[in-house]
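Visitor: Okay, here's the structure, questions in a sec.
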Amino acid sequence: MTRDDCTVFSSDPQSWVGQHFLSATQITLPALELLLREAEAMKELVKVHGGDLRLQGRVLGSIFFEPSTRTTSSFQAAFQRLGGSCIHVNESSSSAQKGETLSDTVRSMACYCDVVVLRHPVQGSVREAAMTCPKPLLNAGDGTGEHPTQSLLDLLTVKLEVGEIRNKTVAFVGDLKHGRTAHSFARLLCLFSGIRLIYVSPQSLAMPEEVKKYVDSRGIQQHEYFTLDEDVLATMDVLYMTRVQKERFPRAADYEKVKDIFRVTPQTMQLCKSSLVLMHPLPRVGEIDDRVDQDPRAAYFRQMENGMYARMALIALIMGVSGVSNH
Amino acid sequence: MTRDDCTVFSSDPQSWVGQHFLSATQITLPALELLLREAEAMKELVKVHGGDLRLQGRVLGSIFFEPSTRTTSSFQAAFQRLGGSCIHVNESSSSAQKGETLSDTVRSMACYCDVVVLRHPVQGSVREAAMTCPKPLLNAGDGTGEHPTQSLLDLLTVKLEVGEIRNKTVAFVGDLKHGRTAHSFARLLCLFSGIRLIYVSPQSLAMPEEVKKYVDSRGIQQHEYFTLDEDVLATMDVLYMTRVQKERFPRAADYEKVKDIFRVTPQTMQLCKSSLVLMHPLPRVGEIDDRVDQDPRAAYFRQMENGMYARMALIALIMGVSGVSNH
Amino acid sequence: MTRDDCTVFSSDPQSWVGQHFLSATQITLPALELLLREAEAMKELVKVHGGDLRLQGRVLGSIFFEPSTRTTSSFQAAFQRLGGSCIHVNESSSSAQKGETLSDTVRSMACYCDVVVLRHPVQGSVREAAMTCPKPLLNAGDGTGEHPTQSLLDLLTVKLEVGEIRNKTVAFVGDLKHGRTAHSFARLLCLFSGIRLIYVSPQSLAMPEEVKKYVDSRGIQQHEYFTLDEDVLATMDVLYMTRVQKERFPRAADYEKVKDIFRVTPQTMQLCKSSLVLMHPLPRVGEIDDRVDQDPRAAYFRQMENGMYARMALIALIMGVSGVSNH
Chain A
1349 MTRDDCTVFS
1359 SDPQSWVGQH
1369 FLSATQITLP
1379 ALELLLREAE
1389 AMKELVKVHG
1399 GDLRLQGRVL
1409 GSIFFEPSTR
1419 TTSSFQAAFQ
1429 RLGGSCIHVN
1439 ESSSSAQKGE
1449 TLSDTVRSMA
1459 CYCDVVVLRH
1469 PVQGSVREAA
1479 MTCPKPLLNA
1489 GDGTGEHPTQ
1499 SLLDLLTVKL
1509 EVGEIRNKTV
1519 AFVGDLKHGR
1529 TAHSFARLLC
1539 LFSGIRLIYV
1549 SPQSLAMPEE
1559 VKKYVDSRGI
1569 QQHEYFTLDE
1579 DVLATMDVLY
1589 MTRVQKERFP
1599 RAADYEKVKD
1609 IFRVTPQTMQ
1619 LCKSSLVLMH
1629 PLPRVGEIDD
1639 RVDQDPRAAY
1649 FRQMENGMYA
1659 RMALIALIMG
1669 VSGVSNH
Chain B
1349 MTRDDCTVFS
1359 SDPQSWVGQH
1369 FLSATQITLP
1379 ALELLLREAE
1389 AMKELVKVHG
1399 GDLRLQGRVL
1409 GSIFFEPSTR
1419 TTSSFQAAFQ
1429 RLGGSCIHVN
1439 ESSSSAQKGE
1449 TLSDTVRSMA
1459 CYCDVVVLRH
1469 PVQGSVREAA
1479 MTCPKPLLNA
1489 GDGTGEHPTQ
1499 SLLDLLTVKL
1509 EVGEIRNKTV
1519 AFVGDLKHGR
1529 TAHSFARLLC
1539 LFSGIRLIYV
1549 SPQSLAMPEE
1559 VKKYVDSRGI
1569 QQHEYFTLDE
1579 DVLATMDVLY
1589 MTRVQKERFP
1599 RAADYEKVKD
1609 IFRVTPQTMQ
1619 LCKSSLVLMH
1629 PLPRVGEIDD
1639 RVDQDPRAAY
1649 FRQMENGMYA
1659 RMALIALIMG
1669 VSGVSNH
Chain C
1349 MTRDDCTVFS
1359 SDPQSWVGQH
1369 FLSATQITLP
1379 ALELLLREAE
1389 AMKELVKVHG
1399 GDLRLQGRVL
1409 GSIFFEPSTR
1419 TTSSFQAAFQ
1429 RLGGSCIHVN
1439 ESSSSAQKGE
1449 TLSDTVRSMA
1459 CYCDVVVLRH
1469 PVQGSVREAA
1479 MTCPKPLLNA
1489 GDGTGEHPTQ
1499 SLLDLLTVKL
1509 EVGEIRNKTV
1519 AFVGDLKHGR
1529 TAHSFARLLC
1539 LFSGIRLIYV
1549 SPQSLAMPEE
1559 VKKYVDSRGI
1569 QQHEYFTLDE
1579 DVLATMDVLY
1589 MTRVQKERFP
1599 RAADYEKVKD
1609 IFRVTPQTMQ
1619 LCKSSLVLMH
1629 PLPRVGEIDD
1639 RVDQDPRAAY
1649 FRQMENGMYA
1659 RMALIALIMG
1669 VSGVSNH
């Protein structure tokens, strides 16, 4: 990675302006602190005014080669609340069907827009498209690669829920093999001192070695379990649930065996700290019982809302309109 | 129905603010009069200025589990003309495909939006989703259940066309069995004194007993016919045509027998009052001859336009920005 | 064509207000000069401010019966940058599926909007819909008929790239039989004195006689070639490439024979003038080598961007807000 296609951001807002955002690795600790402060200001702005007009006349183009309701909606709402407008293209309506290259599709969209959001099923494709994209390109997920804005909202959620990210025990539970969001979030948490990571998954869906090696290299403590035990539950400050998809298991019987073990119910919550933050990237399909929604520690809908604030902050920084509001 | 999920509105604008709108039964006569006044003001606003900025920074989220071009377009145009922005999700792009519950889908959308519009093919589903939706939820049709904003625009049309709704003879013609809009409109008309209702349909597509019982309980006169006769045509103040769909008939031959009987042509119009209001919820597929479009009594395109004004009024009341314009 | 459905525009902005735009034949030379000036002002507006608010509260409705990402995006971005909002309907979500006529679909959309953009696969359909559409209707392509806004952006591109359209040698290369954009552009170029047209195509994909007759009738020089020769390349001021689609050839072998002949590479560019303007309506599928993108004479992405400025100018003229900016 060179500076050309993937600038590393700092606490200086100028370091963000006009840049692509392709990978969580662009985020340093000071950069993250700036973004989190900006996101908190966005939350306040939305609460008081709904939004403002700082991006009036600006256009965001989103290109989604696989559907993602939430990510699309979140980016669009974020841009619109800052006064801008959106145009959207999905796979079925794109010129890719006429044999156009991804690079041309993205570059064409950039002709009409001030910033482009791209989601594509192939790892590395977003970074490749960025090389010829004359406007800032934001990675909204590239297959098994990255989905860096998701990690930003996860961090923002911990910050807003407990005030401080350092010195927390964060547990990842469920399918940790395929959970892209868990991988990115785990890596970003390594920026903070005193973090302790816990992984709880079926043995066949464990956290990949690659992530564990990275965490180890940063001197962060990590522990792995294959059942969700009472004493482990009691130590968690953050419990990050992920979706366990039936289709990830070679045999349906294997799924049936584990699906109830990795499920949070009101009974599970009784075993957790009163200050626990219960997160989930959503959608859920049974990993968290509906009755848990009433528990004040259930943070997943606030987490989803934070996605909009984190993206407003990112967009404002990239567009050079952070720290100001012309409301 | 408790106040919790389905507040009854009054002439006090405060009684609307932040509430769900799920059913026409929430509308009292004073509430309706307020909404109609507000809608007339919206019509004037659009005529003079196009719109205003009172919802600047606000976002409407629409979720449609079955397509409805007009309802989607009408809500979006209404919200945008008041200065807001829209995000839209349809069935094929929603996370329902990943096994998510309707309640979670709606609640997720509510994280990004200030108000949510929902259309779903299952009766009662919108009301169920409302129970966990933290933002105002507007029912845009729930299967054979309700489509309450349609009735509001129908009433607005009578009001704008003839100035007064009381003491009118309103005839419903066509498929009255499946015509959800006819059912709701008939019920709402019962709020007005001196109303007389006429039903004209093939015998197999008659107005349901349930609606007739309700009308009777309100002391409103009603008459049923199975052919569209000259003397009946001459008594109508409002003629509300509905679509007669071929697929509703068990045998194609039955359809062929009636399709021309329940059809409005220039000849039909000659038998009607010069002050008649000819309505149709559209789309039409032959029930009204194109040549009738030139007749000044043909109100169906104005009726469609009124849908936008009625929805602007409803949105303004629910969002707490009625009666003011910051243009 | 009568004035009723297809007004001819002049240099007086009033002649555009509230009119349909259905055909390039509505454009006179003075009208075109007005539009190009307006488009240049739009480019400056976007560069400096992103956009303005002159269409605040206004709504554009687009109805696309065949997908066209670029045209949709371009119209939407154009309208939004002037402060307006957009609603969009595509074939799969339209009521045409319920048996509605095109005229009714368009007229319904017009109930919510201030201007309607229509694309339809059947030649003449847009003009037919215009007859009953109470709001300005803009033709965004009607099958093998016209796509008049495309020609406007092509002309704008020549103007912006070389400052002057008169006395230029413009070469069309590729599939000239099916290239609707080439036909319209060739006709419009005939408005300018001293123009010389060159056609280079496989023999089976030659420029239609109809176009050649029209060009001849305007006293414009034209030359036809079936190979792309060095000496011809050296005379071109503008090289307008078009997509050669495999499916246009009766036999795959015929396609393989010609596809590399009508292809622009860095080597081709060495044979051209240093002031050449290389254009392509995009998407491309190999007619222009990616390596040519670095050449400053490669104007196709600027051409695409100009589509937005040309449409902003057209919309401003039709909506009666040209020549002013309330930014």
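Protein chains in written order, with my numbering: chain A, 1349 to 1675; chain B, 1349 to 1675; chain C, 1349 to 1675.
All residues carry an ideal CB built from backbone N, CA and C; glycine is no exception.
Please check if any C-beta of chain A sits within less than 7 angstroms of the C-beta of C:D1352.
Guide: Unreliable placement is indicated for C:D1352, whose pLDDT of 47 sits below 50; the coordinate value is still reported in the next sentence. For C:D1352, the answer is no, since every Cβ of chain A falls outside 7 angstroms of its Cβ.
Visitor: Using a Cβ cut-off of 9 angstroms, pull out every chain C residue sitting near A:M1457, in sequence order please.
Guide: Correct list: T1417, R1418 and S1421.
Visitor: Of all the options C:N1515, C:G1511, C:K1525 and C:R1455, which has the alpha carbon lying nearest to the alpha carbon of C:E1558?
Guide: For C:E1558, the nearest C-alpha among the options comes from C:K1525.
Visitor: Roughly how many angstroms separate the alpha carbons of C:S1622 and C:D1641, rounded to a whole number?
Guide: Roughly 15 angstroms between the two C-alpha positions.
Visitor: Output yes or no for whether 7 angstroms exceeds the beta carbon distance between C:N1487 and C:V1470.
Guide: No.
Visitor: Over what stretch of residues does the alpha helix (DSSP H) that includes A:Q1569 continue unbroken?
Guide: Counting along the chain, A:Q1569 falls outside any alpha helix (DSSP H), though it belongs to the beta strand (DSSP E) covering Q1569 to Y1573.
Visitor: By the DSSP assignment, the beta strand (DSSP E) with C:F1412 in it spans what residues?
Guide: Segment V1407 to F1412, the beta strand (DSSP E) holding C:F1412.
Visitor: Let me know if B:A1425 comes out buried or exposed under the rule of 16 or more other beta-carbons within 10 Å of its beta-carbon.
Guide: B:A1425 is buried by the Cβ-count criterion.
Visitor: Whether or not the segment 1409 to 1416 of chain C and the segment 1427 to 1447 of chain C are in contact is what I'm after, with contact meaning three or more pairs of Cβ atoms, one per stretch, closer than 8 angstroms; do they touch?
Guide: With a cut-off of 8 angstroms, the segment 1409 to 1416 of chain C and the segment 1427 to 1447 of chain C count as touching, because enough Cβ pairs lie within range.
Visitor: Using the Cα positions of B:Q1570 and B:P1556, report the straight-line distance between them to the nearest angstrom.
Guide: For B:Q1570 and B:P1556, the distance between alpha carbons rounds to 13 angstroms.
Visitor: Short of 9 angstroms Cβ to Cβ, which residues in the segment 1458 to 1470 of chain B face chain A?
Guide: Against chain A - using a Cβ distance shorter than 9 angstroms - the residues of the segment 1458 to 1470 of chain B are A1458, C1459, Y1460, C1461 and D1462.
Visitor: Between which residues of its own chain and A:S1358 is the CB-CB distance below 7 angstroms, once the five residues before and five after are set aside?
Guide: Cβ neighbours of A:S1358 beyond the five flanking positions: T1376, P1378 and A1379.
Visitor: Between C:E1448 and chain B, is the shortest Cβ-Cβ distance under 7 angstroms, so that the two count as touching?
Guide: C:E1448 counts as touching chain B.
Visitor: For C:A1478, which residues does DSSP report across the bridge?
Guide: DSSP, once it has assigned bridges, lists no residue as partnering C:A1478.
Visitor: What is the DSSP secondary structure of A:G1655, counted as helix, strand or coil?
Guide: Correct three-state label for A:G1655: helix.
Visitor: By the criterion of Cβ-Cβ separation under 9 angstroms, what are the contact partners of C:G1409 in chain B?
Guide: Result: S1421 and A1425.
Visitor: Just the Cα atoms here: how many angstroms apart are B:M1457 and A:A1478?
Guide: When rounded, the distance between both Cα atoms is 30 angstroms.
Visitor: On the DSSP letters alone, give me the boundaries of the alpha helix (DSSP H) that C:F1423 sits inside.
Guide: Looking at the DSSP string, the run of the alpha helix (DSSP H) that includes C:F1423 is T1417 to R1429.
Visitor: Ignoring anything shorter than 4 residues or poking outside the segment 1465 to 1526 of chain B, list the alpha helix (DSSP H) runs there in chain order.
Guide: 1473 to 1478 and 1496 to 1510, all fully within the segment 1465 to 1526 of chain B.
Visitor: To be precise: take each residue of the segment 1625 to 1654 of chain C, compare its Cβ to all Cβ atoms of chain B, and keep it if any distance is under 7 angstroms. Which residues remain?
Guide: Cβ contacts with chain B come from no residue of the segment 1625 to 1654 of chain C.
Visitor: Under 8 angstroms between beta-carbons, which chain B residues line up against C:R1475? List them in chain order, please.
Guide: Per Cβ cutoff of 8 angstroms: no residues; C:R1475 is ~17 angstroms from chain B at best.
Visitor: According to DSSP, is A:H1628 helix, strand or coil?
Guide: Coil at A:H1628, not helix or strand.
Visitor: Excluding sequence positions up to five away, which residues of its chain have a Cβ less than 6 angstroms from the Cβ of C:L1383?
Guide: Closer than 6 angstroms at the Cβ level, and outside the excluded window around C:L1383, lie A1661.
Visitor: Buried or exposed, going by whether 16 or more other CB atoms sit within 10 Å of the CB of A:K1605?
Guide: Exposed, since its Cβ has fewer than 16 Cβ neighbours within 10 Å.
Visitor: B:F1533 and B:D1564 look like a contact to me (Cβ under 8 angstroms); what is the Cβ gap, rounded to whole Å?
Guide: Not confirmed; about 17 angstroms, so no contact.
Visitor: Could you list which residues in chain A have their beta carbon closer than 8 angstroms to that of B:V1437, in chain order?
Guide: Result: T1417 and S1421.
Visitor: Could you give the first and the last residue of the continuous alpha helix (DSSP H) run that contains A:C1459?
Guide: L1450 to Y1460 is the span of the alpha helix (DSSP H), which, as asked, contains A:C1459.
Visitor: Are the segment 1488 to 1496 of chain C and the segment 1442 to 1452 of chain C touching by the rule of at least three beta carbon pairs closer than 8 angstroms?
Guide: No: the two stretches stay apart, fewer than three of their Cβ pairs being nearer than 8 angstroms.
Visitor: Kindly list the residues whose CB is nearer than 6 angstroms to the CB of B:L1500, restricted to its own chain and excluding five residues on each side of it in sequence; keep chain order.
Guide: Counting only Cβ-Cβ distances below 6 angstroms, and skipping sequence neighbours, we find A1658.
Visitor: Out of B:I1543, B:M1652, B:E1572 and B:M1617, point me to the one whose CA is closest to B:E1578's CA.
Guide: Nearest option by C-alpha distance: B:M1617.
Visitor: Please confirm if B:M1349 has its CB atom under 7 angstroms from at least one CB of chain C.
Guide: Any reading at B:M1349 needs caution, since the residue's pLDDT is 35, under 50, leaving its predicted position unreliable; the model's value is listed next. Output row for B:M1349: interface = no.
Visitor: So with CB distances below 8 angstroms, who are the chain A contacts of B:D1452?
Guide: Under the 8 angstroms cutoff, chain A gives L1630, P1631 and R1632.
Visitor: C:S1433 CB to nearest chain B CB: under 7 angstroms?
Guide: Yes, C:S1433 counts as interfacial toward chain B.
Visitor: Along the chain, where does the beta strand (DSSP E) containing B:R1544 start, and where does it finish?
Guide: Run containing B:R1544: R1544 to V1548, per the beta strand (DSSP E) assignment.
Visitor: So the alpha helix (DSSP H) A:V1580 belongs to, where does it begin and stop?
Guide: Looking at the DSSP string, the run of the alpha helix (DSSP H) that includes A:V1580 is E1578 to L1581.
Visitor: Starting from C:M1555, trace the beta strand (DSSP E) both ways and give me its first and last residue.
Guide: Where C:M1555 is concerned, there is no enclosing beta strand (DSSP E), given that its DSSP letter is neither H nor E.
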